[in-house]
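Here's the structure, in structure tokens; my notes come after.
Chains as they are written, first to last, in full-length UniProt numbering: chain Z, 1 to 475; chain E, 1 to 475.
And the structure:
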């Protein structure tokens with residue numbers, strides 16, 4: 001171990017191999033569910049150094065936990081508590097290697113902060129549409145490794161759909177130079193998409209070529225009261241038809257979720273929620289003008305009011321009002337935390353089956369666990385719900401969680417699978433859900449995943465125990 | 001062998017195991033470059049039968065060539081000439097299993113003809129945007145196996161981007177039920193995209209869930225004369241900015257390519273080409289109205305004329321005129337065939353580098369091969385050129401091809417790689433380009449591909465010798 005540390009210090013400089021002091025930023029996960037202990041935190045400065053580190057670890061059989069901004073929600077980027085794994089942080093690799101305006105691409109290193117890439121694109125006159133809560137600290141390498149989602153997926157897709165090429169250091173310490181600004185390339189297996197979403201278990205993403213889009217001329221936000229989830233789905237269909245690709249956001253929020261925002265953040269104005277079980281936030285991005293966007297939006301909402309799938313609606317008059325509406329949506333998680341402990345689920349269901357899923361699963365939980373409160377909200381346009389379960393108003397919530405979390409998860413996940421859904425829509429697997437995957441994922445798929453893992457990482461040194469279990473994992 | 005045939009007859013019915021008569025439709029490739037001989041053509045009727053056939057073949061070590069419409073251009077779906085491979089045709093599996101309007105998806109079997117799926121979507125009020133020359137006979141299973149492109153990729157992506165889930169029979173004869181109408185699912189490695197584009201070498205796609213889109217309210221076509229390829233790239237940028245997602249087509253055509261259409265099809269009116277080196281065909285799809293589409297198009301073209309990147313332009317007045325313009329574009333390949341033998345390339349280059357690539361590669365070829373004529377056209381919006389080389393006007397073209405094809409390919413492919421491009425943009429690898437891949441693809445990528453192939457098809461029975469070479473391939 002000491003020989004490896006000496007070797008790593010030689011390879012990338014002693015100041016970039018951290019073994020002393022407070023390393024909790026690297027060793028504890030974002031939600032503080034897991035506190036690990038690493039052999040060292042290693043911070044290479046370029047791709048060749050990453051390759052050298054991986055080779056050195058491969059020779060000594062030391063496993064590697066790649067890490068970006070360490071903002072993941074499923075415990076996928078922190079070491080176990082053995083003190084034998086190294087954390088390989090990509091933070092020092094944050095160069096923008098190229099912006100190619102005519103090709104609508106930028107090539108960036110894995111450690112670039114998401115928000116800085118949004119700014120890089122904007123400065124060049126373009127939109128980089130990936131956007132999510134942690135954008136001020138998460139990195140594009142982490143976004144790609146976890147196939148991050150966020151609020152613009154409806155129009156632009158996940159991180160996966162925004163990526164055209166990758167540079168990867170393999171588990172053998174070889175460099176695959178797969179950076180590409182090509183929108184069409186049919187020369188063999190899709191290695192890019194295999195690494196995207198593999199959470200560092202097959203190799204380390206060191207750089208990527210990402211798509212850029214024209215900036216919209218205007219972006220408007222509306223808020224609508226809908227009588228039921230069926231009506232929300234009808235409104236979604238109308239919005240697709242009338243706004244086409246202009247529809248860049250469609251978020252649904254249940255009355256109880258909104259009431260928590262009103263209760264805990266009384267300075268926020270939460271529109272329309274008191275008289276309706278559900279509200280919808282819509283965003284329309286227009287490449288022409290604000291006037292055109294407003295006309296389009298108003299004619300959509302008039303039609304929806306006529307048809308009865310919307311009972312009331314407002315369109316933000318200006319940017320401040322639009323931000324205030326989005327702020328309500330984004331405050332739900334925090335309001336929920338203010339209300340107390342809860343059990344979170346990040347699930348997806350085919351859009352058409354969401355109303356029935358929510359009705360039957362709400363009833364199931366309420367029948368099995370009296371007093372349980374359901375905080376429903378999410379990206380309805382993507383079929384992605386944050387279907388969260390709040391402890392009953394009376395009693396000790398910590399005691400509730402201890403007693404009920406596993407049972408609640410089983411009820412919810414069983415219902416998700418019965419409705420053709422996924423138990424992890426956008427947060428990934430990490431070590432938090434790897435056991436659930438063994439239970440809920442098709443055995444044929446798991447067997448193929450294990451085969452691929454063994455083919456590309458035969459020593460099981462790349463983020464072992466995450467995503468897929470092979471042999472003896474550390475978790 | 002006889003025992004296997006008897007077994008297959010038992011499993012799926014004797015009338016679906018073809019061994020006699022004219023099997024050339026299954027054994028000869030579309031472009032008649034390869035004439036193989038199969039042990040039998042096997043036509044299972046459902047997924048369980050496909051699985052049973054694969055298991056029977058796996059036990060006896062007989063390799064399988066999966067086949068859809070057999071319209072591929074790279075010899076990827078016909079048997080070798082050994083008489084020991086079976087062709088597994090998916091043609092009998094052509095059911096549309098479900099259309100889910102609220103989820104914007106349809107689930108279809110692999111043998112569905114592409115055009116029939118376009119019609120299924122239209123009948124339900126939606127657009128299924130995959131569109132290509134062979135759509136009347138190619139199948140969706142083949143489209144997915146080869147990650148087909150076509151004319152709508154600019155807006156909607158390749159077959160890959162239109163697919164949400166797959167049902168696959170693995171090389172072990174197991175069924176992976178990965179059909180999914182989910183837009184977000186982060187539960188493990190991206191097996192879907194691994195099978196898409198793998199040309200039947202990892203398993204057999206038996207069904208897929210595909211995306212549907214709202215039908216546009218209007219679709220307009222324009223034709224513009226541009227002074228140079230640089231100007232075409234500038235026009236593309238303006239079109240992205242002004243039309244946003246409305247830009248659904250952007251095709252470039254060189255003067256010589258258009259002159260061949262005018263020469264061989266004098267009844268067609270080819271606009272504007274005589275006074276300009278390049279023409280561009282643009283398509284604008286609008287979710288509002290034809291009036292709006294026309295206003296948008298005209299303001300774009302006015303701006304382009306002002307800026308000088310367009311010297312003249314026409315917008316089709318009606319559907320008939322629009323079809324006539326597209327017909328000119330689609331007649332280039334046929335006109336080229338009328339002119340005589342030629343060497344075809346299906347390449348992609350980052351859009352920004354295409355002008356320099358064409359200038360330098362044209363010059364290189366003309367310097368090395370006097371009299372050579374270049375037929376340049378393609379999907380500029382995707383960076384995809386059909387960069388074809390026509391024999392000199394004088395001399396024997398067959399003799400030219402025999403003498404020069406390999407040299408021309410080397411010159412072109414070397415230039416493609418030097419410009420960061422791909423030697424197969426949308427047609428795939430098959431057996432035609434598998435040798436080129438060994439030479440031009442990164443050894444690290446090839447090694448990973450071989451590892452994946454061996455992990456998922458350890459006996460090398462699935463379409464051996466295509467895409468990736470492992471052990472002793474049949475080609």
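Built from N, CA and C at the ideal position, the CB exists for glycine as well.
Check, Outcome
"Would you tell me roughly how many angstroms separate the C-alpha atoms of residue 403/Z and residue 391/Z, rounded to the nearest one?", "11 Å"
"Establish whether the CB of residue 376/E and some CB of chain Z are separated by less than 7 Å.", "no"
"Output, in chain order, the set of chain Z residues within a Cβ distance shorter than 7 Å of residue 426/E.", "184 and 186"
"List the residues of chain Z whose Cβ lies closer than 8 Å to the Cβ of residue 175/E, in chain order.", "444"
"Could you give the first and the last residue of the continuous beta strand (DSSP E) run that contains residue 387/E?", "384-390"
"Consider the Cβ of residue 475/Z: report whether some Cβ of chain E lies at a distance smaller than 7 Å.", "The pLDDT assigned to residue 475/Z is 41, lower than 50, so where the model puts this residue is not dependable, and the model offers no usable value."
"Under 8 Å, with one C-beta from each stretch per pair, do the stretch 427-441 of chain Z and the stretch 169-176 of chain E reach the 3-pair mark?", "no"
"Tell me whether residue 319/Z is buried or exposed, calling it buried when 16 or more other Cβ atoms sit within 10 Å of its Cβ.", "exposed"
"Ends of the beta strand (DSSP E) at residue 378/E?", "373-379"
"Does the separation of the CB atoms of residue 71/E and residue 206/E fall below 7 Å?", "no"
"Using the C-alpha atoms, what's the distance from residue 203/E back to residue 18/E?", "22 Å"
"When you compare each of 305/E, 230/E, 383/E and 98/E to residue 211/E by their alpha carbons, which one comes out closest?", "98/E"
"For residue 97/E, name the three-state secondary structure that DSSP assigns.", "strand"
"Cβ of residue 375/Z within 7 Å of Cβ of residue 336/Z?", "yes"
"Could you tell me which of 393/Z, 349/Z, 199/Z and 107/Z sits nearest to residue 342/Z, measuring between CA atoms?", "393/Z"
"Go through its chain and collect everything with a Cβ distance to residue 234/E's Cβ below 6 Å, but skip five positions before and after it.", "309"
"Can you check DSSP and say which residues form a bridge with residue 113/E?", "139/E"
"Could you give the first and the last residue of the continuous alpha helix (DSSP H) run that contains residue 30/E?", "Residue 30/E -> no alpha helix (DSSP H), and no H or E assigned at all."
"Could you tell me which uninterrupted beta strand (DSSP E) segments, each at least 3 residues in length, are contained entirely in the stretch 39-78 of chain Z, listed from first to last along the chain?", "40-42 and 64-67"
"Determine the chain E residues that contact residue 423/Z at a beta-carbon separation under 7 Å, and present them in chain order.", "187"
"Can you tell me whether DSSP reads residue 126/E as helix, strand or coil?", "strand"
"Please check if any C-beta of chain Z sits within less than 7 Å of the C-beta of residue 240/E.", "yes"
"On the three-pair Cβ rule with 8 Å, is the stretch 13-32 of chain Z touching the stretch 76-95 of chain Z?", "yes"
"Nearest by alpha-carbon distance to residue 91/E: which of 102/E, 112/E and 459/E is it?", "112/E"
"Thinking C-beta only, is residue 74/Z closer than 7 Å to residue 483/Z?", "There is simply no residue 483/Z to check, as chain Z begins at 1 and stops at 475 in what is shown."
"For residue 475/Z, which residues from the same chain have a beta carbon less than 6 Å from its beta carbon, with the 5 sequence-adjacent residues on both sides left out?", "Residue confidence is low: residue 475/Z scores 41 on pLDDT, short of 50, so the model does not pin down where it sits. Its coordinate-derived value is still stated next. Around residue 475/Z: 431 and 465."
"From residue 453/E to residue 21/Z, what does the alpha carbon distance come to, in whole angstroms?", "46 Å"
"Taking the C-alpha atoms as reference points, what is the distance between residue 41/E and residue 274/E?", "51 Å"
"At a Cβ threshold of 7 Å, is residue 452/E touching chain Z?", "yes"
"Please report the straight-line C-alpha distance between residue 472/Z and residue 459/Z, rounded to a whole angstrom.", "At residue 472/Z the pLDDT is 48, less than 50, meaning the model places this residue with poor confidence; the figure from the coordinates comes in the next sentence. Their Cα atoms are separated by approximately 11 Å."
"Check residue 362/E in the structure and name its three-state DSSP category.", "helix"
"Does the beta carbon of residue 191/Z sit closer than 7 Å to a beta carbon anywhere in chain E?", "yes"
"Look at residue 271/E and residue 223/E and say whether their C-beta atoms are less than 7 Å apart.", "yes"
"In this structure, how does DSSP classify residue 19/Z when only helix, strand and coil are distinguished?", "coil"
"Using DSSP bridges, identify the partner residues of residue 178/E.", "166/E"
"In whole angstroms, give me the CA-to-CA distance for residue 462/Z and residue 323/E.", "54 Å"
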